[in-house]
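**Student:**
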Amino acid sequence: MLIISKTRTSLFLFIQNNILINLFNLFILLIFICYANTNIPQTVLANENAKRLFDDLMMSYNRHRRPAIYPNEAINVYLRLRLSQIIDVHELDQIMTISVLYVPYEMIWVPDIVLINNAEGFYNITINTKATLHSDGRVVWEPPAIFKSLCQIDIQWFPFDEQNCHLKFASWSFPTNLLHLTLVNESSTDVKVIGNYGQEEVETIVEDGIDLSDYYPSVEWDIMGTQAKRRLKRFMGSKNGDYEEIDFNLALRRKPLFYTVNLVFPCVGISFLTALVFYLPSESGEKISLSINILVALTMFFLLLVN
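Per numbering that gives the first Met the number 0, the sequence shown runs over residues 0 to 306.
1) With DSSP as the reference, please indicate the residues paired to Leu132 in a beta bridge.
2) Just reading off the beta strand (DSSP E) that Gly284 is part of, what are its end residues?
3) Since Ile248 sits in a beta bridge, which residues does DSSP pair it with?
4) Just checking my contact of Leu78 with Leu182 at CB under 8 angstroms: how many whole Å lie between their CB atoms?
5) According to DSSP, simplified to helix, strand and coil, what is Leu289?
6) How would you label Leu313, buried or exposed, when you count the other beta carbons within 10 angstroms and need 16 or more for buried?
7) Just to confirm my understanding: we take Pro255, look at its own chain, exclude 5 residues before and 5 after, and list those with CB closer than 7 angstroms. What are they?
8) For a test of the three-state rule: what should DSSP assign to Leu211, helix, strand or coil?
9) What separation, rounded to the nearest whole angstrom, lies between the Cα atoms of Gly268 and Arg81?
10) Whole angstroms is fine: what's the gap from Ile222's alpha carbon to Pro216's?
11) According to DSSP, simplified to helix, strand and coil, what is Arg64?
12) Using the C-alpha atoms, what's the distance from Leu297 back to Val139?
13) For Pro265, report the span of its beta strand (DSSP E) as first-last.
14) Return the Cβ separation of Lys286 and Leu294 in integer angstroms, given the expectation that the two are a contact with Cβ distance under 8 angstroms.
15) Apart from the five residues on each side of it in sequence, which residues of its chain come closer than 6 angstroms, Cβ to Cβ, to Ala250?
16) Are the CB atoms of Leu231 and Val201 nearer to each other than 8 angstroms?
17) Out of Met106, Lys129, Lys147, Ile107, state which residue places its alpha-carbon closest to the alpha-carbon of Gln118.
18) Go ahead and label Lys167 buried or exposed: buried means 16 or more other beta carbons lie within 10 angstroms of its beta carbon, across all protein chains shown.
19) Opposite Asp221 in the DSSP bridges: which residues?
20) Does DSSP put Ala144 in a helix, in a strand, or in coil?
21) Please tell me whether Glu243 and His179 are closer than 8 angstroms, where the distance is taken between their beta carbons.
22) Classify Glu243 as helix, strand or coil using the three-state DSSP reduction.
23) Report back the beta-carbon spacing between Asp207 and Ser83 to the nearest angstrom; my notes put them in contact at under 8 angstroms.
24) How long is the line joining the alpha carbons of Asp246 and Val205, rounded to whole angstroms?
25) Excluding the 5 residues flanking Ser290 on each side, which residues of the same chain have their C-beta closer than 8 angstroms to its C-beta?
26) Going by beta-carbon coordinates alone, are Ser170 and Pro110 separated by less than 8 angstroms?
27) If you reduce the DSSP assignment to three classes, tell me which class Gln181 lands in.
28) Roughly how far, in whole angstroms, is the beta-carbon of Glu161 from the beta-carbon of Arg252, given that I think they are within contact range, below 8 angstroms?
29) With DSSP run on the structure shown, which of helix, strand or coil describes Leu279?
30) Can you grab the Cα-Cα spacing for the pair Tyr273 / Cys266, in whole Å?
31) What residue range does the beta strand (DSSP E) around Ile74 cover?
Structure follows, in structure tokens:
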């Protein structure tokens, strides 16, 4: 009986200790839960103003509808081209690839501005960044994009050639009475010219039309000019009205040092050695050896030129 009583007493003490330990663990767990819950409302309160503003703006907004107060009101779109890098220029394909920083997309209405002389066939911007909405109603969108444009390459004076590459941007659907394109640093000087179909067109010329503040210099090309033109296109037989087009003209000049050292100097040297062969006497054995060496050098030069 004494042994049983001691066993029951020990069992009771063991159960009591386990209950106290579990209550202590539960108390610590409740403390951590309460501490974690106290941080959640702070984050919600911090974003409450932004959430309320976003809900108010998007409550009755339709991104497929042109954001104009009146049906015939034109929307002003300010276009700026910020050149970041000239990636490559293909003389054979006559394609210029540049990496530019352009203008925005996503949940808002954006004008369908495309590169008219696109050489790749893809008109959409692949990287869609967030737009910036200002209190005065301005919407700024600057997504990075890589464009491939058609460029007429003239290599008559290679490697001392200069090229003029054009990037033509325009709205695909909206005429000028619904969408008005304007350069960011546009002046008020208008010039009247004759278009391709014999009709009169109005041009606005800006000499520094491309922003080069973020430009990374190319190892092969120097930029000589960045003229931009905004012209009013009048298409023959068009019933939708006139269309506005912005033409960025990028004047490039090739850096001739690499081609002069690796192309011009070897050609001049081989031509000079070829002329020396005729001054050697016919009975001299060095004449045949020099001719063979010139032929080998010319073959190696052609292989280097192909690569």
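By construction, the Cβ of each residue, glycine as well, lies at the ideal position given by its N, Cα and C atoms.
**Tutor:** Result, derived from the coordinates:
1) As a first step, residue 132 is located in the sequence shown; it is residue number 133 there, counting from the start. Paired residue(s): Val138.
2) Position 285 of the sequence shown holds residue 284. From DSSP, Gly284 is part of no beta strand (DSSP E); its letter is neither H nor E.
3) Walking along the sequence shown from the start, residue 248 turns up at place 249. Checking the displayed sequence, the identity of residue 248 turns out to be Asn instead of Ile. In the DSSP output, where bridge partners are listed per residue, Asn248 has His165, Gln226.
4) For the purposes of this step, residue 78 is taken as residue 79 along the sequence shown, with counting starting at 1. For the purposes of this step, residue 182 is taken as residue 183 along the sequence shown, with counting starting at 1. About 6 angstroms separates the two Cβ atoms, so the contact holds.
5) If you number the sequence shown from 1, residue 289 lands on position 290. Helix at Leu289.
6) Nothing can be reported for residue 313: it is not among the residues displayed for the chain, which extend from 0 to 306.
7) Against the sequence shown, residue 255 aligns to sequence position 256. The residues are Pro158, Phe159.
8) Stepping through the sequence shown from its first residue, residue 211 is reached at position 212. Looking at Leu211 - three-state DSSP - the assignment turns out to be coil, as it is neither helix nor strand.
9) Position 269 of the sequence shown holds residue 268. Position 82 of the sequence shown holds residue 81. Straight-line Cα distance between these residues: approximately 44 angstroms.
10) Within the sequence shown, numbered from 1, the residue matching residue 222 stands at position 223. Within the sequence shown, numbered from 1, the residue matching residue 216 stands at position 217. The alpha-carbon atoms of Ile222 and Pro216 are separated by roughly 9 angstroms.
11) Residue numbering aside, residue 64 sits at position 65 when the sequence shown is read from its first letter. In the structure shown, Arg64 sits in coil (DSSP, three-state: anything other than H, G, I, E or B).
12) Counted from its first residue, the sequence shown places residue 139 at position 140. Counted from its first residue, the sequence shown places residue 297 at position 298. Whole-angstrom Cα-Cα distance: 58 angstroms.
13) On the sequence shown, residue 265 is found 266 positions in, with the first residue counted as 1. Pro265: not part of any beta strand (DSSP E); member of the alpha helix (DSSP H) spanning 264–276, first to last residue.
14) Indexing the sequence shown from 1 puts residue 286 at position 287. Indexing the sequence shown from 1 puts residue 294 at position 295. Not a contact, Cβ separation roughly 13 angstroms.
15) Residue numbering aside, residue 250 sits at position 251 when the sequence shown is read from its first letter. Contacts found: Asn163, Met223, Gly224.
16) Stepping through the sequence shown from its first residue, residue 231 is reached at position 232. Stepping through the sequence shown from its first residue, residue 201 is reached at position 202. Yes, the pair counts as a contact, with Cβ atoms nearer than the cut-off.
17) Within the sequence shown, numbered from 1, the residue matching residue 118 stands at position 119. One point to set straight first is that residue 118 is Ala, not Gln, in the sequence displayed. That would be Lys147, whose Cα lies nearest to the Cα of Ala118.
18) Against the sequence shown, residue 167 aligns to sequence position 168. Lys167 sits buried, since 16 or more C-beta atoms from the chains shown fall within 10 Å of its C-beta.
19) Here residue 221 corresponds to residue number 222 of the sequence shown, with the count starting at 1. Answer is Arg252.
20) Taking the sequence shown and counting its residues from 1, one reaches residue 144 at position 145. It is a strand residue.
21) Within the sequence shown, numbered from 1, the residue matching residue 243 stands at position 244. Within the sequence shown, numbered from 1, the residue matching residue 179 stands at position 180. Contact: yes.
22) Numbered from its first residue, the sequence shown carries residue 243 at position 244. If DSSP states are grouped into helix, strand and coil, Glu243 belongs with the strands.
23) Here the question's residue 207 lines up with position 208 in the sequence shown. Here the question's residue 83 lines up with position 84 in the sequence shown. Cβ atoms of Asp207 and Ser83 stay farther apart than 8 angstroms, at about 17 angstroms.
24) Indexing the sequence shown from 1 puts residue 246 at position 247. Indexing the sequence shown from 1 puts residue 205 at position 206. C-alpha separation (whole angstroms): 10 angstroms.
25) Taking the sequence shown and counting its residues from 1, one reaches residue 290 at position 291. If you ignore the 5 residues before and after Ser290, its C-beta comes within less than 8 angstroms of the C-beta of Val276, all in its own chain and listed in chain order.
26) The residue given as residue 170 occupies position 171 in the sequence shown. The residue given as residue 110 occupies position 111 in the sequence shown. Against a cut-off of 8 angstroms, the Cβ pair of Pro110 and Ser170 comes out as a contact.
27) In the sequence shown, residue 181 corresponds to position 182, counting from 1. In the sequence as presented, Gln is not what sits at residue 181; that position holds Thr. Correct three-state label for Thr181: strand.
28) One-based indexing of the sequence shown puts residue 161 at position 162. One-based indexing of the sequence shown puts residue 252 at position 253. Confirmed, Cβ separation roughly 5 angstroms.
29) By 1-based counting over the sequence shown, the position of residue 279 is 280. Coil.
30) Taking the first residue of the sequence shown as 1, we reach residue 273 at position 274. Taking the first residue of the sequence shown as 1, we reach residue 266 at position 267. Correcting the residue type first, residue 273 is Thr in the shown sequence and not Tyr. Taking the CA atoms as reference points, Thr273 sits about 11 angstroms from Cys266.
31) By one-based count along the sequence shown, residue 74 stands at place 75. Where Ile74 is concerned, the enclosing beta strand (DSSP E) stretches over 74–78.
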